[in-house]
Amino acid sequence: MNIAIYHPTLNIFGGGERVALTMANLLSGKHNVTIFTTANVDKKKMEDFFKIRLDNINFVLLGRVVSKLPSLASVKPVLLLKSSYRKLEKYDLVIDTCTNGWFDKKLKTKTICYIHYPFFYRKKKGIKSLMNKLMIQAENAFQYDKIFCNSNFTKNAVSKMTNKKLAVLYPPVEVERIKPKTKLNRIVTIGRFTYDKKHEIMIDTFKDLYSEVDGYTFHIIGAFQENIGIYKREYLDMLVEKAKGYPIYFHINMPHDEVLKFLEESKIYWHARGYGETDPDEMENFGISTVEAMAAGCVPVVINKGGQPEIVDHKKNGFLWNKPEELIKYTQDLIKNEKLMKKLSISAIKKSRKYDYRIFEKRIKEAIRSLF
1 MNIAIYHPTL NIFGGGERVA LTMANLLSGK HNVTIFTTAN VDKKKMEDFF KIRLDNINFV
61 LLGRVVSKLP SLASVKPVLL LKSSYRKLEK YDLVIDTCTN GWFDKKLKTK TICYIHYPFF
121 YRKKKGIKSL MNKLMIQAEN AFQYDKIFCN SNFTKNAVSK MTNKKLAVLY PPVEVERIKP
181 KTKLNRIVTI GRFTYDKKHE IMIDTFKDLY SEVDGYTFHI IGAFQENIGI YKREYLDMLV
241 EKAKGYPIYF HINMPHDEVL KFLEESKIYW HARGYGETDP DEMENFGIST VEAMAAGCVP
301 VVINKGGQPE IVDHKKNGFL WNKPEELIKY TQDLIKNEKL MKKLSISAIK KSRKYDYRIF
361 EKRIKEAIRS LF
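The sequence shown begins at 1 in this note's numbering and counts up by one.
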């Protein structure tokens with residue numbers, strides 16, 4: 001079978017890109033898989049970063065003119081799809097992993113959508129809001145044969161826009177290959193170096209906590225790509241400056257296998273995206289890194305927003321916080337009580353098994369079989 005995966009943003013190197021490449025990898029064993037993207041693809045760079053084999057996967061660069069439109073152009077995703085229909089129709093199956101929602105029945109092939117979050121339908125003001133709403137209506141959105149959402153948080157958002165049947169399919173995590181090691185006094189957070197990840201909140205919190213936690217260090221792991229719109233050098237420079245004088249370390253573009261090893265030797269995992277925000281768009285829609293940290297035996301102390309509460313059960317396998325004072329308190333509770341740390345670590349490992357890669361693989365393959 002010839003399968004096309006539509007994912008324009010491969011150059012971002014985030015969780016959505018990991019899902020797209022993982023899906024391509026698991027399907028390429030028995031099918032011809034091609035990824036459609038607007039990014040210039042450096043296979044070696046992606047393989048080194050994600051540790052995913054891409055030998056049998058083809059890449060097609062699409063919509064060079066459309067992709068250069070200013071980011072304000074709400075119609076860009078629609079134009080990209082429209083310009084790609086003739087190419088995509090040659091495939092038996094098209095899988096949209098980039099949360100577009102705009103495939104319609106003019107595309108005469110089987111379709112699956114994997115939605116990370118419906119960002120295209122943000123509650124913007126003025127003309128952008130009007131354009132987005134018109135696109136949803138005019139394009140008869142969500143006309144896929146099957147639609148998967150990466151969390152119940154995302155499903156709830158999408159269900160307000162369509163009556164189509166939605167199913168939750170959590171992103172794939174290779175939890176079985178992650179093995180906790182001897183733990184060091186380390187707190188870790190993972191997230192690309194963009195404003196929405198709220199690294200500065202965690203840095204300030206660690207600085208407030210530092211005098212009371214002897215011997216602990218804070219490590220910030222994340223992707224950063226020069227000349228890619230969502231990454232701002234001034235933001236990273238600000239974080240580095242803010243961290244000066246404290247045992248806070250930055251690990252930029254660390255390969256994924258090294259990230260997992262780092263988690264295996266760390267005790268606590270922090271996450272803060274969504275702090276101070278009321279717009280669901282600005283919250284983590286799932287949290288692959290949180291699951292990986294739990295599989296590694298790190299106790300998660302993460303914000304009580306977005307998809308994080310689906311992963312972490314408060315006081316059972318980690319903690320959920322609403323304000324920095326709680327982040328400090330829960331972290332102190334763990335550091336001062338080794339028995340509690342051990343108990344929650346074991347529970348976190350058990351909970352992580354719910355998101356095993358093999359579950360994702362099984363359900364995707366079942367979905368494809370049901371369409372043919």
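All C-beta atoms, glycine included, are put in the ideal place defined by N, C-alpha and C.
Only counting the same chain, and skipping five residues up and downstream in sequence, which positions put a Cβ closer than 6 Å to that of PHE148? In the sequence shown, counting from the first residue as 1, residue 148 sits at position 148. If we look at PHE148 and ignore the five residues flanking it on each side, its Cβ neighbours are TYR114, ALA167, LEU169.
For ILE328 and ASP208, which I take to be in contact (beta-carbon distance under 8 Å), what is that distance rounded to the nearest angstrom? The count along the sequence shown starts at 1 and reaches residue 328 at position 328. The count along the sequence shown starts at 1 and reaches residue 208 at position 208. Sure, about 6 Å apart at Cβ, within 8 Å.
I need the straight-line Cα distance from LEU72 to TYR275, nearest angstrom please. Start at 1 with the first residue of the sequence shown, and residue 72 comes out as number 72. Start at 1 with the first residue of the sequence shown, and residue 275 comes out as number 275. Residue placement at LEU72 is flagged as unreliable, the pLDDT there being 40, under the threshold of 50; the coordinate-derived value follows with that caveat. In a straight line, the C-alpha of LEU72 is about 25 Å away from that of TYR275.
Alpha-carbon spacing of GLU338 relative to LYS43, whole angstroms: For the purposes of this step, residue 338 is taken as the residue at position 338 of the sequence shown. For the purposes of this step, residue 43 is taken as the residue at position 43 of the sequence shown. Note on geometry: alpha-carbon atoms of GLU338 and LYS43 lie some 44 Å from one another.
Candidates VAL213, TYR85, ALA348: which alpha carbon is nearest LYS108's? Position 108 of the sequence shown, counting from 1, holds the residue named residue 108. It is TYR85 whose Cα lies nearest to the Cα of LYS108.
With a threshold of 7 Å on Cβ separation, who are the neighbours of LYS198 within its own chain once the five nearest residues in sequence on each side are excluded? Here residue 198 refers to the residue found at position 198 of the sequence shown. Contacts found: ALA272, ARG273, TYR275.
Output the distance between the C-alpha atoms of ILE288 and PRO171, rounded to the nearest integer angstrom. The residue given as residue 288 occupies position 288 in the sequence shown. The residue given as residue 171 occupies position 171 in the sequence shown. If you take the alpha carbons of ILE288 and PRO171, they lie about 7 Å apart.
Opening and closing residue of the alpha helix (DSSP H) in which LEU27 lies: Along the sequence shown, one-based indexing puts residue 27 at 27. From DSSP, the alpha helix (DSSP H) with LEU27 extends over 15 to 27.
Proximity below 8 Å, CB of SER227 to CB of PHE49: For the purposes of this step, residue 227 is taken as residue 227 along the sequence shown, with counting starting at 1. For the purposes of this step, residue 49 is taken as residue 49 along the sequence shown, with counting starting at 1. The sequence given here has Asn at residue 227, not Ser. Not in contact: ASN227 and PHE49 (Cβ atoms no closer than 8 Å).
Sequence-distant residues of its chain with Cβ nearer than 6 Å to VAL190 (five each side left out): Locating residue 190 in the sequence shown gives position 190, counting from the first residue. According to the sequence provided, residue 190 is Ile. The question's Val does not apply to it. Here the set comprises ILE221, SER289.
Count the other C-beta atoms from every protein chain shown that fall within 10 angstroms of the C-beta of GLU214, then say buried if there are 16 or more, exposed otherwise. Your numbering for residue 214 matches position 214 in the sequence shown. The identity of residue 214 in the sequence shown is Asp, whereas the question assumes Glu. Classification of ASP214: exposed, given that the 10 Å Cβ count is below 16.
Less than 7 Å between C-beta atoms, sequence neighbours within five positions excluded: which residues of the same chain meet that for ILE311? Here residue 311 refers to the residue found at position 311 when the sequence shown is read from its first residue. Contacts found: GLY287, THR290, VAL291.
So, helix, strand or coil for ILE52, using DSSP? Position 52 of the sequence shown, counted from the first residue, corresponds to residue 52. Reduced to three states, the DSSP call for ILE52 is coil.
For ILE201, which residues of its own chain have a beta-carbon under 7 Å away from its beta-carbon, when the five flanking residues on both sides are left out? By 1-based counting over the sequence shown, the position of residue 201 is 201. Contacts found: ALA272, TYR275, PRO324.
What does the alpha-carbon distance come out to for the pair ILE187 and ILE346? As a working mapping, residue 187 is identified with position 187 in the sequence shown. As a working mapping, residue 346 is identified with position 346 in the sequence shown. Pairing ILE187 with ILE346, the inter-Cα distance amounts to about 17 Å.
In this structure, how does DSSP classify ALA4 when only helix, strand and coil are distinguished? For the purposes of this step, residue 4 is identified with residue 4 of the sequence shown, where counting begins at 1. Three-state result, ALA4: strand.
Going by other Cβ atoms of all chains shown within 10 Å of its Cβ, with 16 needed for buried, is HIS314 buried or exposed? By 1-based counting over the sequence shown, the position of residue 314 is 314. HIS314 is exposed by the Cβ-count criterion.
Pop quiz: GLY318 and GLU284 are said to be a contact at Cβ under 8 Å. What is the actual Cβ separation, rounded to whole angstroms? Position 318 of the sequence shown, counting from 1, holds the residue named residue 318. Position 284 of the sequence shown, counting from 1, holds the residue named residue 284. Actually they are not in contact, since the Cβ atoms of GLY318 and GLU284 sit about 14 Å apart, beyond 8 Å.
Just confirm the distance between the C-beta atoms of THR34 and LEU10, as a whole number of angstroms; I'd bet it's less than 8 Å. For this step, residue 34 is matched to residue 34 along the sequence shown. For this step, residue 10 is matched to residue 10 along the sequence shown. Taking a contact as a CB-CB distance under 8 Å, the pair THR34 and LEU10 does not count as one, their CB atoms being some 13 Å apart.
Alpha-carbon to alpha-carbon, PRO255 and LYS261: Indexing the sequence shown from 1 puts residue 261 at position 261. Indexing the sequence shown from 1 puts residue 255 at position 255. Whole-angstrom Cα-Cα distance: 10 Å.
What are the start and end residues of the beta strand (DSSP E) that includes LEU236? Position 236 of the sequence shown holds residue 236. Here LEU236 belongs to no beta strand (DSSP E); instead the alpha helix (DSSP H) covers 233 to 243.
Looking at ILE3: is its Cβ nearer than 8 Å to the Cβ of TYR144? In the sequence shown, counting from the first residue as 1, residue 3 sits at position 3. In the sequence shown, counting from the first residue as 1, residue 144 sits at position 144. No, Cβ-Cβ distance for ILE3 and TYR144 is not below 8 Å.
For ARG335, which residues from the same chain have a beta carbon less than 6 Å from its beta carbon, with the 5 sequence-adjacent residues on both sides left out? One-based indexing of the sequence shown puts residue 335 at position 335. The sequence shown places Ile at residue 335, not Arg. Taking ILE335 as the centre and dropping the five residues before and after it, the same chain places the C-beta of VAL213 closer than 6 Å to its C-beta, in chain order.
Runs of alpha helix (DSSP H) lying entirely within the segment 265 to 341, each at least 4 residues, in chain order: Segments of the alpha helix (DSSP H) lying fully in the segment 265 to 341: 288 to 295, 308 to 311, 324 to 336.
DSSP three-state call for ASP257: helix, strand or coil? Within the sequence shown, residue 257 is the residue found at index 257, counting from 1. Note: ASP257 maps to helix in three-state DSSP.
Excluding the five sequence neighbours on either side, which residues of its own chain have a C-beta within less than 8 Å of the C-beta of THR194, listed in chain order? One-based indexing of the sequence shown puts residue 194 at position 194. Residues ILE230, TYR231, LYS232, TYR235 of the same chain have their beta carbon placed closer than 8 Å to that of THR194, with the five preceding and five following residues left out of the count.
Could you check what DSSP says for PHE59 in three-state terms: helix, strand or coil? The count along the sequence shown starts at 1 and reaches residue 59 at position 59. Here PHE59 carries a strand assignment [DSSP, helix/strand/coil].
Is the Cβ-Cβ distance between LYS45 and ASP257 less than 8 Å? For the purposes of this step, residue 45 is identified with residue 45 of the sequence shown, where counting begins at 1. For the purposes of this step, residue 257 is identified with residue 257 of the sequence shown, where counting begins at 1. Result no, Cβ atoms of LYS45 and ASP257 do not sit closer than 8 Å.
Throw me the rounded Cβ distance for the THR97 and ALA20 pair, which I believe falls under 8 Å. As a working note, residue 97 is residue 97 in the sequence shown. As a working note, residue 20 is residue 20 in the sequence shown. Yes, they are in contact, since the Cβ atoms of THR97 and ALA20 sit about 4 Å apart, within 8 Å.
Whose CA, out of VAL259, TYR216, GLU265, lies closest to the CA of LYS183? Numbered from its first residue, the sequence shown carries residue 183 at position 183. Among VAL259, TYR216, GLU265, the Cα nearest to that of LYS183 is on GLU265.
Between which residues of its own chain and LYS316 is the CB-CB distance below 7 Å, once the five residues before and five after are set aside? Taking the first residue of the sequence shown as 1, we reach residue 316 at position 316. Contacts found: SER347.
Helix, strand or coil for ILE95 per DSSP? The count along the sequence shown starts at 1 and reaches residue 95 at position 95. ILE95 falls in the strand class under three-state DSSP.
What residues match up with THR217 in a beta bridge as DSSP calls it? The residue labelled residue 217 in the question sits at position 217 within the sequence shown. For THR217, which the question treats as bridged, DSSP gives the partners ARG186.
Cβ contact (3+ pairs, closer than 8 Å) linking the segment 174 to 182 and the segment 291 to 300: The segment 174 to 182 is in contact with the segment 291 to 300.
Run of the alpha helix (DSSP H) containing THR154, from where it starts to where it stops: As a working mapping, residue 154 is identified with position 154 in the sequence shown. Per DSSP, THR154 belongs to the alpha helix (DSSP H) from 152 to 158.
Am I right that PHE13 and GLN225 are in contact with their C-beta atoms under 8 Å? What's the rounded C-beta distance? Sequence index remark: in the sequence shown, residue 13 carries index 13 (1-based). Sequence index remark: in the sequence shown, residue 225 carries index 225 (1-based). With 8 Å as the limit, PHE13 and GLN225 qualify as a contact, their Cβ atoms being about 6 Å apart.
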